[in-house]
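Presented below is the structure to which this report refers.
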Amino acid sequence: MGWREKVTNGVMTYTKVRKCQSRYYDKKENMVCICNATYCDDIPEVGNLQALQAAIYKTDQRGKRFERTVSSFTEKKSGNVSRKRGVICS
Numbered sequence: 002m003g004w005r006e007k008v009t010n011g012v013m014t015y016t017k018v019r020k021c022q023s024r025y026y027d028k029k030e031n032m033v034c035i036c037n038a039t040y041c042d043d044i045p046e047v048g049n050l051q052a053l054q055a056a057i058y059k060t061d062q063r064g065k066r067f068e069r070t071v072s073s074f075t076e077k078k079s080g081n082v083s084r085k086r087g088v089i090c091s
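For the sequence shown, this note's numbering gives the first residue as 2, with consecutive numbering after it.
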C-alpha cells in the first residue's frame, strides 16, 4: 500500500492508496487488476499542477500501474505550446 498526499486549505494530509492486486493471463503476457466486493485499487488524484503542466499516468504490461509523470509545456512567441522534458513523481 502506498500513500497519497493532499493539501486542503494549506493543511497537508496523507491517506493510504490501495495498490493493484494483479492477475496475469495468456501465458503471463497480460495483466489485469482484480476488484471484488471488499477491495479495489485506487486511481491516484491528479494533484496540484502549475500553469502549463500536465500529469500523465502510465500503465503497461510489465506491471506498472498509474505511474505518474509531470510534463511541462512552454509557450512560444507565436502562441503555440511545445513540450519540455517530463519529471517522474512517485
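All C-beta atoms, glycine included, are put in the ideal place defined by N, C-alpha and C.
> Apart from the five residues just before and just after K65, which ones in its own chain have a Cβ nearer than 7 Å to its Cβ?
Replying inline: For the purposes of this step, residue 65 is taken as the residue at position 64 of the sequence shown. Result list for K65: K59, in chain order.
>> Tell me the residue span of the beta strand (DSSP E) that contains Y26.
In response: Here residue 26 corresponds to residue number 25 of the sequence shown, with the count starting at 1. It spans 23-26 - the beta strand (DSSP E) in which Y26 sits, taken as one unbroken run.
> Under a Cβ-count criterion, where at least 16 other Cβ atoms within 10 Å of its own Cβ denotes burial, should T75 be classed as buried or exposed?
Replying inline: Looking up residue 75 in the sequence shown gives position 74. The residue in question, T75, is exposed, as its Cβ has fewer than 16 Cβ neighbours within 10 Å.
> In angstroms, rounded to a whole number, what distance separates the CA positions of D61 and C34?
Replying inline: For the purposes of this step, residue 61 is identified with residue 60 of the sequence shown, where counting begins at 1. For the purposes of this step, residue 34 is identified with residue 33 of the sequence shown, where counting begins at 1. One C-alpha to the other measures close to 12 Å.
>> Does V47 come out as helix, strand or coil in the three-state DSSP assignment?
In response: For the purposes of this step, residue 47 is identified with residue 46 of the sequence shown, where counting begins at 1. Coil.
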